[in-house]
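**Q** There's a structure below that I have some questions on.
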Amino acid sequence: MKIPLHSLRWRLQLWHALISLVLIVAACLLADRLVTRERFEGIKRELFDFERSFFTHGLADHRPNDSKDTPPTLQMIKQALQDFSLSKEAAPPSFLHLFEDDPRKPYIAYWGEDGSNIFRAANTPPRVTAPADVAERYRWEESQENKNLLLTRSHRSGLKILVGRDISDDLAALTRFRLLLALGGSAIFLVALAGGWWLAGRALVPIDTIALTASRIADGNLDERIEIDESDSELNRLAAVLNGTFDKLSDSIERQKRFTADASHELRTPLTIILSETQRGLRHERNAESYRGIIANCQTAAERMRRLVDSLLQLAREDLTNGSVELVDLADIAFDAARELSPLADAHQSRLTLDITPAQVEGTAADLETLTHTLLSNALTHTPPGTPVTLRTKVVGEEVILAIHDQGPGIPSEHLPHLCDRFYQVDKARSQSQNHSGLGLSIAQSIARKLGGSLTITSDDSNGTTAKVRLPKS
Amino acid sequence: MRLLLVEDDPLLLHSLSEGLREENYAVDTATDGQSGLSLAQEIDFDAIILDGMLPHLDGWDLLAQLRATKLTPVLMLTARDAVEDRIRGLDTGADDYLTKPFDFDELLARLRALIRRNRGQGRNTIELGDITLDLATRTLHRSGQPVSLTPREYALVEHLALHIGKVISRTELYEHLFDENEDSLSNLLDVHVSNIRKKLGSDFITTRRGHGYFIS
Numbered sequence: 059m060k061i062p063l064h065s066l067r068w069r070l071q072l073w074h075a076l077i078s079l080v081l082i083v084a085a086c087l088l089a090d091r092l093v094t095r096e097r098f099e100g101i102k103r104e105l106f107d108f109e110r111s112f113f114t115h116g117l118a119d120h121r122p123n124d125s126k127d128t129p130p131t132l133q134m135i136k137q138a139l140q141d142f143s144l145s146k147e148a149a150p151p152s153f154l155h156l157f158e159d160d161p162r163k164p165y166i167a168y169w170g171e172d173g174s175n176i177f178r179a180a181n182t183p184p185r186v187t188a189p190a191d192v193a194e195r196y197r198w199e200e201s202q203e204n205k206n207l208l209l210t211r212s213h214r215s216g217l218k219i220l221v222g223r224d225i226s227d228d229l230a231a232l233t234r235f236r237l238l239l240a241l242g243g244s245a246i247f248l249v250a251l252a253g254g255w256w257l258a259g260r261a262l263v264p265i266d267t268i269a270l271t272a273s274r275i276a277d278g279n280l281d282e283r284i285e286i287d288e289s290d291s292e293l294n295r296l297a298a299v300l301n302g303t304f305d306k307l308s309d310s311i312e313r314q315k316r317f318t319a320d321a322s323h324e325l326r327t328p329l330t331i332i333l334s335e336t337q338r339g340l341r342h343e344r345n346a347e348s349y350r351g352i353i354a355n356c357q358t359a360a361e362r363m364r365r366l367v368d369s370l371l372q373l374a375r376e377d378l379t380n381g382s383v384e385l386v387d388l389a390d391i392a393f394d395a396a397r398e399l400s401p402l403a404d405a406h407q408s409r410l411t412l413d414i415t416p417a418q419v420e421g422t423a424a425d426l427e428t429l430t431h432t433l434l435s436n437a438l439t440h441t442p443p444g445t446p447v448t449l450r451t452k453v454v455g456e457e458v459i460l461a462i463h464d465q466g467p468g469i470p471s472e473h474l475p476h477l478c479d480r481f482y483q484v485d486k487a488r489s490q491s492q493n494h495s496g497l498g499l500s501i502a503q504s505i506a507r508k509l510g511g512s513l514t515i516t517s518d519d520s521n522g523t524t525a526k527v528r529l530p531k532s
Numbered sequence: 008m009r010l011l012l013v014e015d016d017p018l019l020l021h022s023l024s025e026g027l028r029e030e031n032y033a034v035d036t037a038t039d040g041q042s043g044l045s046l047a048q049e050i051d052f053d054a055i056i057l058d059g060m061l062p063h064l065d066g067w068d069l070l071a072q073l074r075a076t077k078l079t080p081v082l083m084l085t086a087r088d089a090v091e092d093r094i095r096g097l098d099t100g101a102d103d104y105l106t107k108p109f110d111f112d113e114l115l116a117r118l119r120a121l122i123r124r125n126r127g128q129g130r131n132t133i134e135l136g137d138i139t140l141d142l143a144t145r146t147l148h149r150s151g152q153p154v155s156l157t158p159r160e161y162a163l164v165e166h167l168a169l170h171i172g173k174v175i176s177r178t179e180l181y182e183h184l185f186d187e188n189e190d191s192l193s194n195l196l197d198v199h200v201s202n203i204r205k206k207l208g209s210d211f212i213t214t215r216r217g218h219g220y221f222i223s
């Protein structure tokens, strides 16, 4: 916006000005041309008619009556002209000016074949001389000299005729007209400029609004959105797209903030333990047993932190990246997970039942392993010892289902909506002592979503708990 | 000094309570808000250390309910250092707060200050004739010479000195010197008192038979 020409408004204005100028100039030139032509045609017609009427009416009194039907001879015309020039009083009123000195009215002159002047009206300017050569007979030749328009012709009798008129008044009128045209054109141009500037500004107002809103959002006011009116203009569509983008961005910033807050919150407790244990240890001399206890506590806290950091990193990766996708049989994954976790099932005295049928999905094996592993180990550790657990894979319609069901006491319904929240723990004290970071289900859920599916957990106290993952069949 | 520690993380609870016991506080513990509240309402603690995030009843709600009946000084531990959390804690009736992770030494210092303020004692030393108690270092001097006391003996002297001139019942002394985990024998108090008299003179602690002890 520093250089005016780089601003959209200025560029629009410039193009608008250029086009208006070209159009207005073209229109003015056209008008000028037409009017000039019209004017000259009019004068020519006037002169032409004048010559005709002079010949038929002006000389009529001086021509013998009997010869009206036959073409007049040169001699007759000479005689008639001679008579006309001598009888000013008898001349019809429309030809009286031929005896006065007023070149603004048509004048006429005749020359003989030999170039001798036969007749010369009194108002003929002295400059006018016999036309040197009139190329074709019967055709009027026009010429314009010294602000006079002259028409010349040769009569078949050999006469050379010239009619003319001083056209300086007409030229002055034309000049006035051109001046008016120029003034009018300029006025229209100025109005067009102003109108264009106003229109460009009006069209660009939404852009300013968008820019202003965007800059407020950039300043940290993430809830701000561009106001969109009803119309379906291009800028409104742009604003809608931008609003959608802002929504997504602020969502992800909000998630990021919550994640950071949660992560730091969860890291504070083990950190406090390490600080308090080490400071306690250093305050007093104590026996080896006591030191060992303190070190063991520090180790436990540090391990908790390590688990937390691992899970957080995994979660961050799930949120951010997309691994290479391949065709995976969920049945294989489920079978491997069941085999890997069988020691845990044994330790927990749980009977683990497999009910797996081939189910192809598109995804990364590592993701699906994490997903299955998390859900199965949850079922095996969050239930009382001896709870039967079933692991199922099947294809239902266009979906592949991975279901892990335990016949435990169920999860209280108020916890169900929050199970997949990060760090949400139904029984905080117990889960922390059992090596859980509180991120397992969050990770499972984000994997399921990444693969285009969903994770739902249903539970009631009579039927136990089912974690069901639905993925699109491939 | 008898403290109540309410903290839901078992490891942190263990670490803090052990640390405080090593500093000769009698420490009772609770791992959730509900049991913490009933303990706090039942016993006159010298101070309560209260975690903000607790299962069943969180620290702020516990505090609000406790303040209806008791004015026990409360130090809140918050994991979030959000200003609103601290303001909410202080406004609800907390006397001080610490943000996790904190230094154990700072916790001890704040506890001392809290208890001292609650007693209306501005300074950290108490003068009783030629005997001086230093509450910060928990030591006792007689005419500038340090007198060696066991932590429990010191705690007994300190409690009596903080309530100078007032007769303190045996029950109250038991409550403030021993936590509920200790299987205290009823004559343990008499043993401590006679040991103190041996070290500081027989007239240092006066017995009001049937009522208790006091320092004049």
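Same order as they appear, the protein sequences are chains A and B.
Note that the first sequence covers residues 59 to 532 in the numbering used here.
Note that the second sequence covers residues 8 to 223 in the numbering used here.
Don't be surprised by glycine CBs; every beta carbon is placed ideally from N, CA and C.
1. Starting from A359/A, find everything on chain B with Cβ-Cβ shorter than 9 Å and list it in chain order.
2. Quick one: what's D464/A bridged to in DSSP?
3. Let me know if D34/B comes out buried or exposed under the rule of 16 or more other beta-carbons within 10 Å of its beta-carbon.
4. L72/A and R223/A - do their beta-carbons sit closer together than 8 Å?
5. Ordered along the chain, which non-local residues of its own chain (more than five positions away) have a Cβ less than 6 Å from that of A487/A?
6. In chain A, what lies closer than 8 Å to K107/B by C-beta?
7. Counting contacts by CB-CB distance shorter than 8 Å, is L10/B in contact with chain A?
8. Have a look at L371/A and E324/A and give me their C-alpha separation to the nearest angstrom.
9. I'd like the list of long-range same chain contacts for R117/B, defined as Cβ closer than 8 Å, with 5 residues on each side in sequence excluded.
10. Could you tell me the distance, in whole angstroms, from the CA atom of D291/B to the CA atom of G208/B?
11. With a cut-off of 8 Å on the beta carbons, I'd call S22/B and R338/A a contact; round off their distance for me.
12. I believe L426/A touches L388/A by the beta-carbon criterion, under 8 Å. Please report the beta-carbon distance rounded to the nearest angstrom.
13. Within 8 Å of any Cβ in chain A, is that where the Cβ of D141/B sits?
14. How is Y482/A classed by DSSP in three states: helix, strand or coil?
15. Considering only C-alpha positions, which residue in the set T146/B, A168/B and S176/B is nearest to E30/B?
16. So with CB distances below 7 Å, who are the chain A contacts of G26/B?
17. Contact criterion: CB-CB distance below 8 Å. Does H342/A meet it with respect to chain B?
18. Counting only runs of 4+ residues fully inside the segment 33 to 82 of chain B, write out the alpha helix (DSSP H) ranges in chain order.
19. Label K146/A either buried or exposed according to how many other C-beta atoms from any shown protein chain fall within 10 Å of its C-beta, with 16 as the threshold for buried.
20. For R126/B and L169/B, I'd like the C-alpha separation in whole angstroms.
21. Give a yes or no on whether the C-beta atoms belonging to Y417/A and V453/A are separated by under 8 Å.
22. Going by DSSP, name the residue or residues bridged to H155/A.
23. Taking 8 Å as the CB-CB cut-off, is S323/A touching chain B?
24. Starting from G29/B, find everything on chain A with Cβ-Cβ shorter than 8 Å and list it in chain order.
25. Classify N436/A as buried or exposed, calling it buried when 16 or more other Cβ atoms lie within 10 Å of its own Cβ.
26. Which stretch, first to last residue, makes up the alpha helix (DSSP H) that contains S22/B?
27. Could you have a look at P153/B and say whether DSSP puts it in helix, strand or coil?
28. Measure the C-alpha to C-alpha separation of S65/A and I77/A and round it to an integer number of angstroms.
29. Should R91/A be counted as a contact of the ligand PLP given a C-beta to heavy atom distance under 7 Å?
30. Can you check whether the CB of I515/A is closer than 8 Å to the CB of S369/A?
31. Among the residues of its own chain, which have a CB less than 7 Å from the CB of L239/A, if the five just before and after it don't count?
32. Less than 8 Å between the beta carbons of A525/A and I469/A, yes or no?
33. If we ignore side chains and look at the alpha-carbon of each, how far apart do T38/B and S45/B end up?
34. Quick one: is S408/A buried, meaning 16 or more other Cβ sit within 10 Å of its Cβ, or exposed?
35. Should the segment 157 to 176 of chain A be regarded as contacting the segment 96 to 111 of chain A, the criterion being three or more beta carbon pairs within less than 8 Å?
36. Under a three-way DSSP split, which group does D103/B fall into?
**A** On the basis of the coordinates in this document:
1. Annotation: Cβ neighbours of A359/A in chain B (cutoff 9 Å, chain order): L18, L19 and S22.
2. Its beta-bridge partners are V447/A and T523/A.
3. Sequence inspection shows Val at residue 34/B; the Asp mentioned does not correspond to that position. With 16 or more Cβ atoms within 10 Å of its Cβ, V34/B is classed as buried.
4. No, Cβ-Cβ distance for R223/A and L72/A is not below 8 Å.
5. At A487/A, the pLDDT of 44 sits below 50, so the modelled position is not reliable and the matter cannot be decided from this model.
6. The contact set of K107/B on chain A, defined by CB atoms closer than 8 Å, consists of R326, T327, L329 and T330 in chain order.
7. False, the Cβ-Cβ gap to chain A never drops below 8 Å.
8. When rounded, the distance between both Cα atoms is 14 Å.
9. Exclusion of the five residues before and after R117/B leaves L82, D103 and L105 as the residues of its chain whose Cβ lies within less than 8 Å of its Cβ.
10. Since the displayed chain B opens at 8 and closes at 223, residue 291/B lies outside it and no answer follows.
11. Rounded, the Cβ-Cβ distance is 7 Å, consistent with contact.
12. The C-beta distance from L426/A to L388/A rounds to 6 Å, short enough to meet the 8 Å contact threshold.
13. False, the Cβ-Cβ gap to chain A never drops below 8 Å.
14. Note: Y482/A maps to coil in three-state DSSP.
15. The residue with the shortest Cα to Cα distance from E30/B is T146/B.
16. Simply S334 and R338.
17. Interface criterion met: the Cβ of H342/A is under 8 Å from a Cβ in chain B.
18. Runs found: 40 to 49 and 66 to 73.
19. Of the residues assessed, K146/A falls on the exposed side of the cut-off, its CB having fewer than 16 other CB atoms within 10 angstroms.
20. Spanning the two alpha carbons is a distance of roughly 7 Å.
21. Going by the sequence as given, residue 417/A is Ala instead of Tyr. Yes. Within cutoff.
22. Paired residue(s): none; H155/A is not in a bridge.
23. According to the sequence shown, residue 323/A is His rather than Ser. Answer yes: the Cβ-Cβ gap between H323/A and chain B drops below 8 Å somewhere.
24. The displayed chain sequence assigns Glu, not Gly, to residue 29/B. Chain A residues near E29/B: R338, R341 and H342.
25. Buried.
26. First-last of the alpha helix (DSSP H) with S22/B: P17 to E29.
27. In the structure shown, P153/B sits in a strand (DSSP, three-state: E or B).
28. Per the coordinates, the alpha-carbon of S65/A lies some 19 Å from the alpha-carbon of I77/A.
29. No copy of the ligand PLP appears in this structure; indeed no ligand is present at all.
30. The answer is no: Cβ separation not under 8 Å.
31. Same-chain partners within the cutoff: C86, A89 and D90.
32. With contacts defined by Cβ atoms closer than 8 Å, A525/A and I469/A do not form a contacting pair.
33. So the alpha carbons of these two residues sit roughly 12 Å apart.
34. It counts as buried.
35. By the Cβ rule, the segment 157 to 176 of chain A counts as touching the segment 96 to 111 of chain A, because three or more pairs are nearer than 8 Å.
36. Three-state DSSP puts D103/B in a strand.
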